[in-house]
Amino acid sequence: MASMPVVSFDDVAGRYLEGNLEDQFSRAQVETQIRDAVDYTAGRWGTTLTTRISDGRLTANLYKRVIANAVLRVLRNPEGYTSESEGGYSYGLRSTVSSGDLWFTDDEVAILSGADQTVGPGTIGIGLDRGWS
Numbered sequence: 000m001a002s003m004p005v006v007s008f009d010d011v012a013g014r015y016l017e018g019n020l021e022d023q024f025s026r027a028q029v030e031t032q033i034r035d036a037v038d039y040t041a042g043r044w045g046t047t048l049t050t051r052i053s054d055g056r057l058t059a060n061l062y063k064r065v066i067a068n069a070v071l072r073v074l075r076n077p078e079g080y081t082s083e084s085e086g087g088y089s090y091g092l093r094s095t096v097s098s099g100d101l102w103f104t105d106d107e108v109a110i111l112s113g114a115d116q117t118v119g120p121g122t123i124g125i126g127l128d129r130g131w132s
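Position 4, counted from 1, in the sequence shown is what our numbering calls 3; the numbers after and before it change by one each time, with no gaps.
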């Protein structure tokens with residue numbers, strides 16, 4: 000069984016496109032969020048993740064990218080704003096995001112869990128039931 004890839008500060012910093020991550024957040028803040036994300040995924044998909052990594056269906060880089068993206072979402076938007084206005088100021092919050100918790104998109108959940116989100120070909124039955132024979 001493969002061990003889980005280690006997600007580091009550098010994995011997150013390398014995906015931060017708004018400049019130098021350390022100028023905005025301390026290493027401790029980032030590493031705490033990384034640990035939280037790794038713990039969450041291990042608790043939710045533990046054996047599934049290790050199996051998917053060991054058989055190559057989930058690469059170490061893709062796993063690191065998903066963790067880094069979740070961490071960056073919290074760091075970039077800890078208040079969870081979804082919209083903001085000026086002039087009679089208003090803002091919008093989404094409960095999933097405004098909690099300040101880590102969260103994963105539906106696509107990321109599918110990547111981590113291996114859930115197939117595609118709809119394939121199938122059949123449906125069509126019948127006519129007029130209520131009498």
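Glycine is no exception: its CB is placed at the ideal position from the N, C-alpha and C atoms.
Problem set entry | For D100, three-class secondary structure by DSSP | coil
For this session: Would you kindly work out how many angstroms separate the C-alpha atoms of S25 and N68, rounded to a whole number?
Result: 17 Å
Problem set entry | Coarse secondary structure for L71, derived from DSSP in three states | helix
Problem set entry | D9, enclosing alpha helix (DSSP H) - first and last residue | F8 to A12
For this session: State buried or exposed for T58, treating a residue as buried only when at least 16 other CB atoms are found within 10 Å of its CB.
Result: exposed
For this session: Identify which residue in T47, I66, E30 and D9 has its Cα closest to the Cα of A114.
Result: T47
Exercise. First and last residue of the alpha helix (DSSP H) that includes V37?
Worked result: R26 to S53
Exercise. So, are the CB atoms of I33 and V6 less than 8 Å apart?
Worked result: yes
Exercise. Using DSSP with H/G/I as helix, E/B as strand and the rest coil, what is S112?
Worked result: helix
For this session: Report the three-state DSSP secondary structure of E17 (helix, strand or coil).
Result: coil
Exercise. What residue from R43, L74 and T31 has the CA that sits closest to L16's CA?
Worked result: L74
For this session: Label R51 either buried or exposed according to how many other C-beta atoms from any shown protein chain fall within 10 Å of its C-beta, with 16 as the threshold for buried.
Result: buried
Exercise. Between A109 and Q23, what straight-line distance do the alpha-carbon atoms span, to the nearest angstrom?
Worked result: 31 Å
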